[in-house]
Amino acid sequence: MEEEAEKLKQLQNEVEKRMSIGSPPNTLASPANLSIEEKMEADGRSIYVGNVDYGATAEELEQHFHGCGSINRVTILCDKFSGHPKGFAYIEFADKDSVQTAMALDDSLFRGRQIKVSIKRTNRPGISSTNRPPRRPFRRAAARASVLYGYRPIRRPRRAAWYTPY
């Protein structure tokens with residue numbers, strides 16, 4: 171048991187060394203650690219690809235757009251609960267000229283579907299769908315009125331005097 175634990179520690183140390191060799195120390199290149207200017211510059215080199223087939227892979231998208239220029243990253247967004255693809259992707263190129271070349275592939279066929287290609291928009295800080303003001307709480311005035319004033323019948327609109335089948 172102790173030997174296995176020692177082997178696992180050695181393997182983990184080797185993996186950590188390999189990971190640190192690939193990136194310079196004290197700098198992480200993940201999108202969450204970039205400044206606003208760097209994110210805007212990366213978004214200027216990126217495109218949005220809509221109506222992507224749910225079975226498509228990043229390699230297939232990269233192959234479809236390889237003629238446009240050098241590709242840094244292909245991101246296919248997935249649903250966080252089920253893990254299934256959402257049907258759209260983002261492609262980041264190495265230079266801005268590739269974006270205009272990729273725009274020519276708008277309405278092209280990819281895996282039997284007509285894809286939509288547009289320039290990726292930059293998210294503005296502070297504008298989010300999650301920081302909206304809270305909704306008004308459900309008001310139960312009718313329920314409280316029955317408690318305060320006793321039983322009060324509910325008024326319903328009159329129905330037509332003739333028969334309507336629908």
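The opening residue of the sequence shown carries number 171 in the numbering used here; numbering runs sequentially from there.
C-beta: ideal position from N, C-alpha, C; glycine also.
Just to confirm, are residue i and residue j a CB contact at a threshold of 7 Å?
| i | j | result |
| --- | --- | --- |
| Gly220 | Lys286 | yes |
| Ser240 | Ala264 | yes |
| Lys337 | Asp223 | Nothing can be reported for residue 337, as the shown portion of the chain is limited to 171 through 336. |
| Ala228 | Ile246 | yes |
| Ala272 | Cys238 | yes |
Please report the straight-line C-alpha distance between residue i and residue j, rounded to a whole angstrom.
| i | j | result |
| --- | --- | --- |
| Ala337 | Arg215 | Outside the shown range of the chain, which is 171 to 336, sits residue 337, and nothing can be said about it. |
| Thr292 | Gln182 | 38 Å |
| Ser252 | Gly225 | 14 Å |
| Val243 | Val269 | Note that residue 243 is Arg in the sequence shown here, rather than Val. Using only the alpha carbons, I get a separation of about 13 Å. |
| Glu230 | Ile261 | 12 Å |
| Gln233 | Glu172 | 47 Å |
| Leu366 | Glu186 | The structure shown does not extend to residue 366, since the chain is modelled only from 171 to 336, so the question has no answer here. |
| Arg325 | Pro335 | 24 Å |
| Asp170 | Ser288 | Since the first residue shown for the chain is 171 and the last is 336, residue 170 is missing from the structure and cannot be characterised. |
| Phe235 | Lys209 | 22 Å |
| Glu154 | Arg188 | There is simply no residue 154 to check, as the chain begins at 171 and stops at 336 in what is shown. |
Note the first and the last residue of the continuous beta strand (DSSP E) segment covering residue i.
| i | result |
| --- | --- |
| Leu247 | 241 to 248 |
| Ser216 | 216 to 220 |
Got a sec, what are the start and stop residues for the alpha helix (DSSP H) residue i sits in?
| i | result |
| --- | --- |
| Ala228 | 228 to 234 |
How about the segment 248 to 256 and the segment 275 to 283: do they share at least three Cβ pairs that are nearer than 8 Å?
-> Contact between the segment 248 to 256 and the segment 275 to 283 is not established, with fewer than three Cβ pairs separated by less than 8 Å.
In chain order, which continuous runs of the alpha helix (DSSP H) of length 4 or greater are located wholly inside the segment 258 to 298?
-> If we require 4 residues or more, the alpha helix (DSSP H) runs fully inside the segment 258 to 298 come out as 267 to 273.
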